[in-house]
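Data block below; observations after.
Number of protein chains: 2
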Amino acid sequence: MANPTAAMLVIGDEILSGRTRDANMHYLAGELTKHGIDLKEVRIVSDDHPAIVTAVQALSKAYDTVFTSGGIGPTHDDITADCIAEAFGARIDVRDDAREILKAHYAKTGFDLNAARLRMARIPDGAALIDNPVSMAPGFTIGNVHVMAGVPQVFQAMVASVLPTLTGGAPLLSQTLRVFRGEGDIAETLAQLAEQYSDLSVGCYPFQKDGAFGANIVVRGSEGTRVDAAITQLSRDLKL
Amino acid sequence: MANPTAAMLVIGDEILSGRTRDANMHYLAGELTKHGIDLKEVRIVSDDHPAIVTAVQALSKAYDTVFTSGGIGPTHDDITADCIAEAFGARIDVRDDAREILKAHYAKTGFDLNAARLRMARIPDGAALIDNPVSMAPGFTIGNVHVMAGVPQVFQAMVASVLPTLTGGAPLLSQTLRVFRGEGDIAETLAQLAEQYSDLSVGCYPFQKDGAFGANIVVRGSEGTRVDAAITQLSRDLKL
Numbered sequence: 001m002a003n004p005t006a007a008m009l010v011i012g013d014e015i016l017s018g019r020t021r022d023a024n025m026h027y028l029a030g031e032l033t034k035h036g037i038d039l040k041e042v043r044i045v046s047d048d049h050p051a052i053v054t055a056v057q058a059l060s061k062a063y064d065t066v067f068t069s070g071g072i073g074p075t076h077d078d079i080t081a082d083c084i085a086e087a088f089g090a091r092i093d094v095r096d097d098a099r100e101i102l103k104a105h106y107a108k109t110g111f112d113l114n115a116a117r118l119r120m121a122r123i124p125d126g127a128a129l130i131d132n133p134v135s136m137a138p139g140f141t142i143g144n145v146h147v148m149a150g151v152p153q154v155f156q157a158m159v160a161s162v163l164p165t166l167t168g169g170a171p172l173l174s175q176t177l178r179v180f181r182g183e184g185d186i187a188e189t190l191a192q193l194a195e196q197y198s199d200l201s202v203g204c205y206p207f208q209k210d211g212a213f214g215a216n217i218v219v220r221g222s223e224g225t226r227v228d229a230a231i232t233q234l235s236r237d238l239k240l
Numbered sequence: 001m002a003n004p005t006a007a008m009l010v011i012g013d014e015i016l017s018g019r020t021r022d023a024n025m026h027y028l029a030g031e032l033t034k035h036g037i038d039l040k041e042v043r044i045v046s047d048d049h050p051a052i053v054t055a056v057q058a059l060s061k062a063y064d065t066v067f068t069s070g071g072i073g074p075t076h077d078d079i080t081a082d083c084i085a086e087a088f089g090a091r092i093d094v095r096d097d098a099r100e101i102l103k104a105h106y107a108k109t110g111f112d113l114n115a116a117r118l119r120m121a122r123i124p125d126g127a128a129l130i131d132n133p134v135s136m137a138p139g140f141t142i143g144n145v146h147v148m149a150g151v152p153q154v155f156q157a158m159v160a161s162v163l164p165t166l167t168g169g170a171p172l173l174s175q176t177l178r179v180f181r182g183e184g185d186i187a188e189t190l191a192q193l194a195e196q197y198s199d200l201s202v203g204c205y206p207f208q209k210d211g212a213f214g215a216n217i218v219v220r221g222s223e224g225t226r227v228d229a230a231i232t233q234l235s236r237d238l239k240l
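Sequences listed follow chains A and B, in order.
If you're matching positions, the first sequence starts at 1 in full-length UniProt numbering and goes up one per residue.
If you're matching positions, the second sequence starts at 1 in full-length UniProt numbering and goes up one per residue.
Following this line, the structure appears as structure tokens:
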């Protein structure tokens, strides 16, 4: 049976302008692979209301699960929660359960729960809160969309809260063979292998290093014995 | 006048599986910002024919320029050129000009220009070649889409070939103010600044470091004097 599918939506001008290098995508990709969920598409859009709404609706429709990162803080450029609410046609306002979490947190830390911070308690009707053990302001799940923070420590903590609630498939296993030959010399062998092992994915990633060149051949699949067999045969075919 | 817009399409299972961390997006984002072209959206899709065709068509229609990275090598998983041809309804085959480039290169290096390597000379009708000074196999431009390699050194060389041919707008200038205060304490001041300087973009990016927390406030715009004025006023408003 095919694994469940997922997409990710990264929201942030700072990434599209080149100021910040996104770290959340790579992290989520690794976690989903371990959990047996196939990440099929990632989109990065700017802090722009219609762009976010359109992307969320498209991804939510096309994939089993969607993860978003970014835009749920207290400042004026944090518009994700309102966009998600609109995408699902849900009402959004400060919600009591989220307000209580923030109230308790700020009482303890001595900060003021002002209007800006209260924005972080804006949660669409019908959404379930996602626990944030790092800085308390919750994410939320509505429909098949998990809305999470952009700060990597918080994003990772929220992924850890959400993943156990999702049904995964077989974890994707992979083995890599590193060969110091040109891609063009091994391409035919690889094409034959890919055809013979059509249940596996055979990828070839060239590199150039210190004047030498070669390729990492990666065989991926959910059955370890099949991946083993393909790699063994490949070593033999390439006379390694 | 608004700057030209751009989108990027990254093609590669290795990025979606978490095996490789994409470097090209961050590089392109920085180069486009310097050149006065606004990167508005990035999509990452797997080595899947319909997914690539659909994404290219959508981005080509929505933005002034599209850059793709990945999937133009000699192996069976390199399907980008054929997908782009399909997206534009163009015929694709080995083209003489591209074959000559490869022939000269492999004659010099002593490798065989076999069937696999010849795949890299498959160029859609009507496309213009993009120079590849690193490993010779060319990229190509068709319509408003620039098709480039995934290997970072080659990608960067191709960006350097393409960028001077594009009309840029005013480079996006930015200044950053680093403050050690909670986002929630400065949010109201920032919202007022963003409203007053509606021609600029005011972003707030929180961080936590060694127990202290704060935020980088980034003001972006194409007019240096306006960015200066906003940052000066912000320092005053925040009593820095």
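No residue lacks a Cβ here, since even glycine has one placed at the ideal position from N, Cα and C.
This structure is a prediction, so every number in the text was calculated from the model and none was measured.
Please state the DSSP three-state secondary structure of residue i.
| i | result |
| --- | --- |
| A/Phe140 | strand |
| A/Glu223 | coil |
| B/Leu234 | helix |
| B/Arg117 | helix |
| A/Val53 | helix |
| A/Val151 | coil |
| A/His76 | coil |
| A/Lys61 | helix |
| A/Ser161 | helix |
| A/Leu16 | helix |
| B/Leu240 | coil |
| A/Leu166 | coil |
What are the partner residues of residue i, as DSSP defines its beta bridges?
| i | result |
| --- | --- |
| A/Phe207 | A/Gly214 |
| B/Ile92 | B/Pro124 |
| B/Gln175 | B/Val219 |
| B/Leu9 | B/Arg43 and B/Thr68 |
| A/Asp38 | A/Thr5 |
| B/Ile130 | B/Gly139 |
| A/Ser201 | A/Arg220 |
| B/Val145 | B/Val66 and B/Ile142 |
Can you give the Cα-Cα distance for residue i and residue j, rounded to whole angstroms?
| i | j | result |
| --- | --- | --- |
| A/Leu173 | B/Gln208 | 35 Å |
| B/Glu195 | A/Glu223 | 56 Å |
| B/Ala160 | A/Asp97 | 52 Å |
| B/Arg122 | A/Ile11 | 36 Å |
| A/Gly70 | A/Val151 | 7 Å |
| A/Pro74 | B/Tyr63 | 31 Å |
| B/Met136 | A/Ile217 | 22 Å |
| B/Ile84 | B/Arg117 | 19 Å |
| B/Arg91 | B/Val147 | 16 Å |
| B/Gly139 | B/Met8 | 15 Å |
| A/Thr68 | B/Ala229 | 34 Å |
| A/Pro206 | A/Ile130 | 40 Å |
| B/Gly126 | B/Val227 | 43 Å |
| B/Thr189 | A/Asp77 | 13 Å |
| A/Cys204 | A/Arg220 | 11 Å |
| B/Asp38 | A/Ile231 | 44 Å |
| A/Leu238 | A/Gly182 | 12 Å |
| B/Tyr106 | B/Arg119 | 14 Å |
| B/Asp185 | A/Asp47 | 21 Å |
| B/Pro164 | B/Ser60 | 20 Å |
| B/Tyr27 | A/Ile72 | 26 Å |
| B/Ala55 | A/Glu31 | 25 Å |
| A/Asp13 | B/Val145 | 22 Å |
| B/Arg95 | B/Leu102 | 11 Å |
| B/Gly211 | B/Ala157 | 41 Å |
| A/Arg19 | B/Asp22 | 15 Å |
| A/Ala191 | A/Phe180 | 18 Å |
| A/Gly124 | A/Thr176 | A small fix is needed here, since residue 124 of chain A is Pro in this sequence, not Gly. Roughly 44 Å separates the two Cα atoms. |
I think residue i touches residue j, with their Cβ atoms under 8 Å apart; what is that distance to the nearest whole Å?
| i | j | result |
| --- | --- | --- |
| A/Gly153 | A/Leu193 | First, the amino acid is wrong: residue 153 of chain A is Gln here, not Gly. About 41 Å; that fails the 8 Å criterion. |
| A/Arg178 | A/Gly214 | 7 Å |
| A/Lys40 | A/Ala81 | So it is not a contact: roughly 25 Å between Cβ atoms. |
| B/Ala170 | B/Asn24 | Actually they are not in contact, since the Cβ atoms of B/Ala170 and B/Asn24 sit about 24 Å apart, beyond 8 Å. |
| B/Ile44 | B/Ile15 | 6 Å |
| A/Ala29 | B/Ser201 | Not confirmed; about 29 Å, so no contact. |
| B/Ile52 | B/Phe88 | Wrong, their Cβ atoms sit about 12 Å apart, outside the cutoff. |
| B/Ala149 | B/Asn132 | 7 Å |
| B/Leu166 | B/Thr65 | 6 Å |
Problem - Residues, ordered as in the chain, of the segment 14-28 of chain A that lie near chain B by beta-carbon distance below 9 Å - result: Glu14, Ile15, Leu16, Ser17, Gly18, Arg19, Thr20, Arg21, Asp22, Ala23, Met25, His26, Tyr27 and Leu28
Practice task
Scan the segment 121-136 of chain A for residues whose Cβ lies nearer than 7 Å to a Cβ of chain B and list them as they occur along the chain.
Solution key: none
Problem - Near-chain A residues of the segment 65-80 of chain B (beta-carbon distance less than 9 Å), N- to C-terminal order - result: Gly73, Pro74, Thr75, His76, Asp77 and Asp78
Exercise for the section: For the segment 25-57 of chain A, enumerate the residues whose C-beta is nearer than 9 Å to any C-beta of chain B, in chain order. Expected result: Met25, His26, Tyr27, Leu28, Ala29, Gly30, Glu31, Leu32, Thr33, Lys34, Asp38, Leu39, Lys40, Glu41, Val42, Arg43, Ile44, Val45, Ser46, Asp47, Asp48, Ala51 and Ala55
Problem - Residues in the segment 171-185 of chain B having any Cβ partner in chain A nearer than 9 Å - result: Leu172, Ser174, Thr176, Gly182, Glu183, Gly184 and Asp185
Exercise for the section: Could you please tell me which residues of the segment 82-100 of chain B, in chain order, have their CB closer than 9 Å to any CB of chain A? Expected result: none
Practice task
Give the residues from the segment 194-207 of chain B that approach chain A closer than 9 Å (Cβ to any Cβ), ordered along the chain.
Solution key: Ala194, Glu195, Ser201, Val202, Gly203, Cys204, Tyr205, Pro206 and Phe207
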